[in-house]
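Structure, as structure tokens:
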Amino acid sequence: MKAYIARRILAVIPVMMTVGVLVFVLLRVVPGDVARSIVGVEASRAEVEAVRESLGLNDPVHVQFSLWVGRLVRGDLGRSYISNERVISQIGKRAGPTLSITFFTELVVVIVAVPVGVLAAWRVGSIVDRGVMVFAALGFSVPVFWVGFILIFLFGTWAFGRSEPLLPVFGYEPLSSGLVPYLRHLALPVAALCLGAMAFLVRITRASTLEVLNEDYVRTARAKGLAEDRVLLIHVFRNAALPIATIIGLQFAGLLTGVVITESVFAIPGMGRYVVAAMASRDYPIIEGTVLIVATGYVLINLGVDIFYAYLDPRIRY
Amino acid sequence: MLGKRTAADHAAPVVRARDKTRWQRLYLLARRHPTGSVAVAVILLIAVVSAFAPMIATDNPYAIDTPNRLSAPSREAYFGTDHVGRDVFSRTVYGGRISLLIGSAVALSGVIGGAVLGLIAGYNRRVDVVLMRIMDGLMAFPGILLAISLIAVLGASVQNVIIALSIFELPSVSRVSRSTVLSLREQPFVEAARAIGARPHRILFVHIFPNIVATLIVMATFACAAAMLSEAGLSFIGAGVPPDTPSWGNVMAESRGFLHKAMWTIFYPGLVLAIFVTALNVAGDTLRDILDPRLRRQA
Numbered sequence: 007m008k009a010y011i012a013r014r015i016l017a018v019i020p021v022m023m024t025v026g027v028l029v030f031v032l033l034r035v036v037p038g039d040v041a042r043s044i045v046g047v048e049a050s051r052a053e054v055e056a057v058r059e060s061l062g063l064n065d066p067v068h069v070q071f072s073l074w075v076g077r078l079v080r081g082d083l084g085r086s087y088i089s090n091e092r093v094i095s096q097i098g099k100r101a102g103p104t105l106s107i108t109f110f111t112e113l114v115v116v117i118v119a120v121p122v123g124v125l126a127a128w129r130v131g132s133i134v135d136r137g138v139m140v141f142a143a144l145g146f147s148v149p150v151f152w153v154g155f156i157l158i159f160l161f162g163t164w165a166f167g168r169s170e171p172l173l174p175v176f177g178y179e180p181l182s183s184g185l186v187p188y189l190r191h192l193a194l195p196v197a198a199l200c201l202g203a204m205a206f207l208v209r210i211t212r213a214s215t216l217e218v219l220n221e222d223y224v225r226t227a228r229a230k231g232l233a234e235d236r237v238l239l240i241h242v243f244r245n246a247a248l249p250i251a252t253i254i255g256l257q258f259a260g261l262l263t264g265v266v267i268t269e270s271v272f273a274i275p276g277m278g279r280y281v282v283a284a285m286a287s288r289d290y291p292i293i294e295g296t297v298l299i300v301a302t303g304y305v306l307i308n309l310g311v312d313i314f315y316a317y318l319d320p321r322i323r324y
Numbered sequence: 352m353l354g355k356r357t358a359a360d361h362a363a364p365v366v367r368a369r370d371k372t373r374w375q376r377l378y379l380l381a382r383r384h385p386t387g388s389v390a391v392a393v394i395l396l397i398a399v400v401s402a403f404a405p406m407i408a409t410d411n412p413y414a415i416d417t418p419n420r421l422s423a424p425s426r427e428a429y430f431g432t433d434h435v436g437r438d439v440f441s442r443t444v445y446g447g448r449i450s451l452l453i454g455s456a457v458a459l460s461g462v463i464g465g466a467v468l469g470l471i472a473g474y475n476r477r478v479d480v481v482l483m484r485i486m487d488g489l490m491a492f493p494g495i496l497l498a499i500s501l502i503a504v505l506g507a508s509v510q511n512v513i514i515a516l517s518i519f520e521l522p523s524v525s526r527v528s529r530s531t532v533l534s535l536r537e538q539p540f541v542e543a544a545r546a547i548g549a550r551p552h553r554i555l556f557v558h559i560f561p562n563i564v565a566t567l568i569v570m571a572t573f574a575c576a577a578a579m580l581s582e583a584g585l586s587f588i589g590a591g592v593p594p595d596t597p598s599w600g601n602v603m604a605e606s607r608g609f610l611h612k613a614m615w616t617i618f619y620p621g622l623v624l625a626i627f628v629t630a631l632n633v634a635g636d637t638l639r640d641i642l643d644p645r646l647r648r649q650a
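These protein sequence lines are chains A and B, in that order. Using our numbering, read the first sequence as starting at 7 and increasing by one per residue. Using our numbering, read the second sequence as starting at 352 and increasing by one per residue.
In structure tokens form, the structure reads like this:
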């Protein structure tokens with residue numbers, strides 16, 4: 007087990023290096039004259055040259071790269087071109103809403119989608135199964151911001167005929183201002199995001215459970231007279247859970263796409279809106295920092311899932 | 352497909368259809384997959400409407416008509432008008448052109464690019480190590496942030512959206528084709544080809560490639576669906592198609608500030624997009640059932 011964990015951790019290094027090189031090439035080497043875009047078109051050539059020198063843009067690429075990596079390792083993601091604030095602390099300030107939305111979405115998705123998927127597989131071909139599959143096909147195919155706007159319309163504008171909105175339709179309240187306002191502000195964004203993720207996980211759970219249900223040992227378990235709930239829980243679900251766990255890990259990346267868009271729909275001051283604003287103003291250090299932090303988070307989550315997987319299933323430790 | 356034929360196979364309509372005409376076989380196939388047929392019909396209908404947009408649209412999609420802004424759906428404007436009085440129905444009809452263009456271009460370039468990378472990686476160990484690490488890195492690079500970075504550097508245009516979304520498809524397609532190559536290269540027919548002196552590129556493209564075409568077609572369908580959804584999302588946050596150009600995403604994004612007064616400006620284009628993407632996904636599922644023998648066995 008220890009050797010397996012060590013191997014998995016070592017495998018993270020090339021992935022993170024690739025991400026780093028990709029980011030560096032994309033945002034440092036490709037863009038035209040960054041110095042010119044910072045000082046503006048009006049600035050003199052000497053001013054541009056001064057900024058180039060201070061950013062180290064006159065150094066050879068490999069020198070720039072090693073300096074950049076050195077700063078990254080010390081946790082320095084640089085400063086915003088426009089506000090000159092440290093990117094890492096700015097991201098830190100905005101992580102709360104983004105993490106809250108992601109966490110609650112994944113929580114709701116797992117609580118609902120896994121049992122429903124198992125149920126659909128258990129009663130495959132029934133009305134329940136067909137209904138679930140239709141829902142999955144639809145949920146998979148609607149744009150997340152469209153769902154968001156429908157929810158805003160239903161719960162805010164129209165509010166089922168009431169004069170007051172049923173739920174807050176924009177903004178974010180931190181947990182420190184109370185649990186109820188915190189959860190009420192999260193309700194609609196999480197609901198909007200859930201749909202697609204749920205549709206996906208239901209399909210995976212159903213397929214994975216169906217595969218196990220056809221195994222010989224399930225027939226044996228039934229033949230020896232085990233109660234059906236015992237067969238489902240112990241023989242079927244424990245085996246079906248492995249691929250599901252992997253998908254939940256991988257789903258975080260897809261979820262993030264939704265979070266960025268959802269934050270824009272509901273005007274939530276999170277990392278997504280921060281990076282979208284940075285895109286409009288070409289503030290590369292912010293984009294760079296966000297990409298690196300999110301990619302690191304994604305890799306670590308999947309590392310955790312892999313290790314958990316090995317704990318669940320001793321066969322794959324070797 | 353290559354396995355032994357059983358009595359049940361002989362009884363199945365598809366096998367009996369061998370001696371029927373092409374149209375009769377198509378009809379039999381459609382009758383066996385009613386849901387898939389409806390999906391294909393929906394896709395064709397929307398594609399035809401987009402192709403003949405100038406004849407179907409009731410108004411110029413760019414024509415600004417401020418006195419009639421934000422008017423509700425009516426006989427004159429089926430989907431209502433937006434915040435500057437443009438006809439939402441006509442913009443949706445024209446928007447199908449851009450959205451379909453992006454979807455199909457991403458499906459083509461992403462799948463072809465991914466397949467070529469996967470084939471090469473599957474055949475050459477040294478390339479394999481490097482390529483797969485890059486793909487792992489791309490996988491960890493969240494799709495939307497990749498698109499945002501590319502658009503920030505290159506600027507918003509239809510072409511850049513296609514590039515960003517195609518790159519996003521590469522890791523999954525190349526992995527699937529690579530794993531197929533890895534399992535096929537040990538097969539007797541590939542060994543035989545090598546034994547009679549076929550060169551690697553001939554083995555790859557003549558002997559191995561035909562075996563992954565079915566999987567690639569299915570992946571292309573799903574890639575197209577995903578790309579059209581992503582296009583809408585990117586346009587919505589301003590990282591997609593430049594403003595004013597009608598795409599399904601843009602038509603919705605442009606009127607986002609007027610939602611409380613004019614729900615229809617977002618509702619109808621989104622509905623069309625959702626219907627089209629659902630049809631694509633259902634068609635992809637059906638195609639996979641028909642084309643991919645490995646998955647068919649499980650069903």
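Every residue gets a Cβ at the ideal spot worked out from N, C-alpha and C, and that includes glycine.
Proximal residues to residue i (C-beta, below 6 Å), its chain only, five neighbours per side dropped
i	result
residue 33 of chain A	290 and 294
residue 272 of chain A	176 and 195
residue 384 of chain B	637
residue 567 of chain B	462 and 466
residue 632 of chain B	576
residue 390 of chain B	630, 633 and 634
residue 424 of chain B	430, 431 and 615
residue 200 of chain A	111, 114 and 115
Cβ shell of residue i (< 8 Å), same chain only, five flanking positions each side left out
i	result
residue 623 of chain B	397, 443, 447 and 599
residue 101 of chain A	276 and 277
residue 628 of chain B	576, 579 and 580
residue 138 of chain A	122, 123, 125, 126, 208 and 212
residue 394 of chain B	627, 630, 631 and 634
Contacts around residue i, its chain only, beta-carbon distance under 7 Å, and the 5 residues preceding and following it disregarded
i	result
residue 546 of chain B	none
residue 8 of chain A	none
residue 535 of chain B	541, 559 and 562
residue 415 of chain B	435, 436 and 437
residue 362 of chain B	Confidence at residue 362 of chain B is low in this model, with a pLDDT of 48, below 50, so its placement is unreliable and no value can be given for it.
residue 517 of chain B	457, 460, 461 and 464
residue 610 of chain B	617
residue 354 of chain B	Any answer about residue 354 of chain B is weak, because its pLDDT of 46 lies below 50 and its placement is not dependable; what the coordinates show is given next. Same-chain partners within the cutoff: there are none.
residue 204 of chain A	115, 118, 119 and 145
Opposing strand residues paired with residue i [DSSP bridges]
i	result
residue 432 of chain B	B:438
residue 92 of chain A	A:85
Alpha helix (DSSP H) segment containing residue i, residue limits
i	result
residue 517 of chain B	509–535
residue 13 of chain A	8–30
residue 180 of chain A	Premise fails: residue 180 of chain A is in no alpha helix (DSSP H) and is neither H nor E.
residue 274 of chain A	From DSSP, residue 274 of chain A is part of no alpha helix (DSSP H); its letter is neither H nor E.
residue 570 of chain B	564–587
residue 208 of chain A	185–219
residue 304 of chain A	290–318
residue 374 of chain B	373–383
Beta-carbon neighbours of residue i, restricted to chain A and to distances below 8 Å
i	result
residue 487 of chain B	20, 21 and 24
residue 617 of chain B	152 and 155
Contacts that residue i makes with chain B (C-beta to C-beta distance below 8 Å)
i	result
residue 270 of chain A	587 and 588
residue 263 of chain A	493, 494, 495, 581 and 584
residue 172 of chain A	Residues of chain B passing the Cβ test: none, with the nearest at roughly 15 Å.
Proximal chain B residues relative to residue i, where beta-carbon distance stays under 9 Å
i	result
residue 47 of chain A	Going along chain B, no residue has its Cβ under 9 Å from residue 47 of chain A, so there is no contact; the nearest lies around 17 Å.
residue 194 of chain A	Simply none; closest approach about 13 Å.
residue 211 of chain A	Result: empty, since nearest Cβ-Cβ is about 15 Å, beyond 9 Å.
Within chain B, partners of residue i - CB distance below 7 Å
i	result
residue 267 of chain A	584, 587 and 588
residue 300 of chain A	493 and 496
residue 208 of chain A	Chain B residues near residue 208 of chain A: none, gap ~14 Å exceeds 7 Å.
Neighbouring residues, chain A, relative to residue i (Cβ below 9 Å)
i	result
residue 337 of chain B	There is simply no residue 337 of chain B to check, as chain B begins at 352 and stops at 650 in what is shown.
residue 614 of chain B	155, 156, 159, 163 and 164
Contacting positions in the region 302–321 of chain A - beta carbon closer than 7 Å to chain B: Listed by position, the residues of the region 302–321 of chain A near chain B (Cβ gap below 7 Å) are 304 and 305.
Could you name the residues of the region 97–113 of chain A whose beta carbon sits closer than 8 Å to any beta carbon of chain B, in the order they occur along the chain? Along the region 97–113 of chain A, none of the residues has a CB nearer than 8 Å to a CB of chain B.
For the region 132–161 of chain A, which residues have a beta carbon sitting closer than 8 Å to at least one beta carbon of chain B? For the region 132–161 of chain A, the set of residues with a beta-carbon nearer than 8 Å to any beta-carbon of chain B comprises 143, 144, 146, 147, 148, 149, 150, 151, 152, 155, 156, 158 and 159, in chain order.
Anything in the region 86–97 of chain A with a Cβ closer than 9 Å to a Cβ of chain B? List those residues in chain order, please. Here the close residues number zero.
Tell me which residues of the region 281–293 of chain A have at least one Cβ-Cβ distance to chain B shorter than 8 Å, keeping chain order. Residues of the region 281–293 of chain A with a Cβ closer than 8 Å to any Cβ of chain B, in chain order: 281, 282, 284, 285, 286, 288, 290 and 293.
Please identify, using Cβ separations under 9 Å, the residues of the region 415–439 of chain B that lie next to chain A, in order along the chain. Listed in sequence order: no entries.
Short of 9 Å Cβ to Cβ, which residues in the region 616–635 of chain B face chain A? Here the close residues are 617, 618, 620, 621, 622, 624, 625, 626, 627, 628, 629, 630, 631, 632 and 633.
Quick one, which residues of the region 378–392 of chain B are near chain A if we go by CB-CB under 7 Å, in chain order? Of all residues in the region 378–392 of chain B, none has a Cβ within less than 7 Å of some Cβ in chain A.
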